[in-house]
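Each remark here refers to the structure printed beneath this line.
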Amino acid sequence: MNFIASLGRGFAALVLVLVVTVLPAQAATSLVPAFADLQPHGPATAEGVVIWSHGRSLTREDSESATPAYLRSFADGGWDVLRFNRPRAEDILETSAADLAARVHALKKAGYRKIVLAGQSYGGFIALEAAHGN
686 MNFIASLGRG FAALVLVLVV TVLPAQAATS LVPAFADLQP HGPATAEGVV
736 IWSHGRSLTR EDSESATPAY LRSFADGGWD VLRFNRPRAE DILETSAADL
786 AARVHALKKA GYRKIVLAGQ SYGGFIALEA AHGN
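Numbering follows the numbering used here, in which position 36 of the sequence shown is assigned residue number 721; successive positions increment by one, without gaps.
Quick look at the structure:
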């Protein structure tokens, strides 16, 4: 009986090690200010928050691309403007959208009254999927 119990624990540990090493790492996404020279107002004083999702290229890292300048008009109007950055190699529609939806939920809990999701190309799809999930 001790041998079987010991074997069971060892097998469970082996399965855990295999799962940890075989499953891909979580996407290293980030939600950052869209413009480095602007400080967010925060949920208590901002009109709301706009979250911009960049597109996705097959050959370069779009998370390093510039935020469209027209989004500054939101900041000028008292909105916080954030970027949802996603590494290209790990950017999958379902998981990225779920990640963004979770971040939106956290921003709601933090007190933001209005949240606008925006994006370009593939980032637009992620924004739509995340909005659908909320």
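Heads up, the beta-carbon is just placed ideally off N, CA and C, and yes, glycines get one too.
No experiment lies behind these values; they were computed from the predicted model shown.
> Which residues mark the beginning and the end of the beta strand (DSSP E) in which ALA795 is found?
Replying inline: Per DSSP, ALA795 belongs to no beta strand (DSSP E); it is in the alpha helix (DSSP H), 778 to 795.
> Nearest to ALA816 by CA position, among ASP784, ASP776 and GLY740, is which residue?
Replying inline: ASP784
> Using DSSP with H/G/I as helix, E/B as strand and the rest coil, what is ARG773?
Replying inline: Helix at ARG773.
> Which residue from LYS793, ALA729, VAL789 and LEU778 puts its Cα closest to that of SER806?
Replying inline: For the options LYS793, ALA729, VAL789 and LEU778, the alpha carbon positioned closest to that of SER806 is the one of LEU778.
> Which stretch, first to last residue, makes up the alpha helix (DSSP H) that contains ALA760?
Replying inline: 757 to 761
> How many Å lie between ALA719 and THR744 at the Cα?
Replying inline: Straight-line spacing of the CA atoms in ALA719 and THR744 works out to 23 Å.
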